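full-length UniProt numbering numbers the first residue of the sequence shown as 1 and each following residue consecutively. Glycine included, each C-beta is placed from N, C-alpha and C at the ideal position. None of the values given here were measured: they were computed from a predicted structure. Below is one structure; the comments refer to it alone.
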Amino acid sequence: MPTVQLIRVSVNDAFTADPSLFDKLREGATKAGIVKQSFGFGVEEPTQLYWILHFDQGFEPTESVWPTNEYGNFTEGLMGISTEVTKTLLTFESFSAETIKAPLTEITILTLKDGAKIEEFKSVIDPFQAGFASEVPTSWAVNSFNDREVFLFAGWDSVETHAEFNGTPEFLKYKTDMSKFMAAPPKMRHVKLADHLTSPIRSSF
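Here it is in structure tokens:
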């Protein structure tokens with residue numbers, strides 16, 4: 001099953017002064033074998049950097065070896081560009097690449113009630129996915145570090161397109177059904193992602 005690490009970084013002044021510090025981390029991850037990466041900033045929170053690492057190259061996250069001699073300590077490098085870092089490991093039953101190739105990616109965190117069962121939640125979210133597959137690419141997974149959190153990825157053309165969809169009777173029905181499992185309102189953000197392989201590495205480091 002596809003495994004993705006989502007790293008959310010609240011960037012600091014050091015990043016603003018020299019964005020190539022993040023490029024160095026991207027390049028180090030590539031040297032560690034993590035070739036497929038996406039990254040971008042939140043639309044609602046422009047100082048929030050989202051970095052997505054795809055572990056589909058034949059090894060698991062625990063098997064990845066950071067090239068410390070060439071790129072220094074990974075954690076120190078990450079903390080050097082941030083005021084806060086949150087790491088999430090997500091294992092998907094299937095992952096739609098269209099969710100991150102779209103002009104805009106929705107990343108929503110759904111917090112389940114105590115006692116809510118993933119199997120029961122699947123009975124609502126899976127038909128939702130299937131029913132809108134031709135219109136909206138989606139993928140979802142449980143946070144490996146917190147089984148009360150479900151992460152939903154969706155691809156949109158724009159914020160306006162998403163808002164229009166959210167107003168449809170079909171979506172509102174699923175929203176009502178899913179709310180029965182929720183401990184709190186969903187936390188939703190839009191992110192404009194870039195593909196690591198087609199985004200240049202700045203060489204000032």
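query, result
"Which of helix, strand or coil DSSP assigns to T105", "strand"
"S179, DSSP secondary structure in three states", "helix"
"Segment limits, alpha helix (DSSP H) that includes M79", "F74 to M79"
"Assigned secondary structure, V9 (DSSP; H/G/I helix, E/B strand, else coil)", "strand"
"Sequence-distant residues of the same chain with beta carbon closer than 7 Å to G33, five excluded per side", "Q57, F59 and S64"
"Helix, strand or coil at A184 according to DSSP, with G and I counted as helix", "coil"
"Beta-carbon spacing of A154, P137 below 8 Å", "yes"
"Buried versus exposed call for V159 [16 or more other C-beta atoms within 10 Å across all chains shown]", "exposed"
"Test item: CB-CB of residue 230 and F22 under 8 Å", "Residue coverage of the chain in this structure runs from 1 to 205, which leaves residue 230 outside it and unanswerable."
"Through-space distance from D177 to G40, alpha-carbon basis", "32 Å"
"Per DSSP, the bridge partner or partners of I52", "L6 and S38"
"Whole-angstrom C-beta distance between T86 and R189, which should lie under 8 Å", "Actually they are not in contact, since the Cβ atoms of R189 and T86 sit about 12 Å apart, beyond 8 Å."
"Option nearest H54 by Cα separation, candidates N166, E149 and R26", "R26"
"Outcome for A29 when other beta-carbon atoms lying within 10 angstroms are tallied against a minimum of 16", "buried"
"One or two residues paired with V150 in a DSSP bridge", "L110 and V142"
"Per-residue DSSP class, three states only, for K117", "coil"
"8 Å contact criterion, which F151 and I107 should meet: CB distance rounded", "7 Å"
"Coarse secondary structure for D195, derived from DSSP in three states", "strand"
"First and last residue of the uninterrupted alpha helix (DSSP H) at T30", "S20 to K31"
"Host beta strand (DSSP E) of E84 (start-end)", "S82 to T91"
"Closest by C-alpha distance to W51, when choosing among D18, V4 and T99", "V4"
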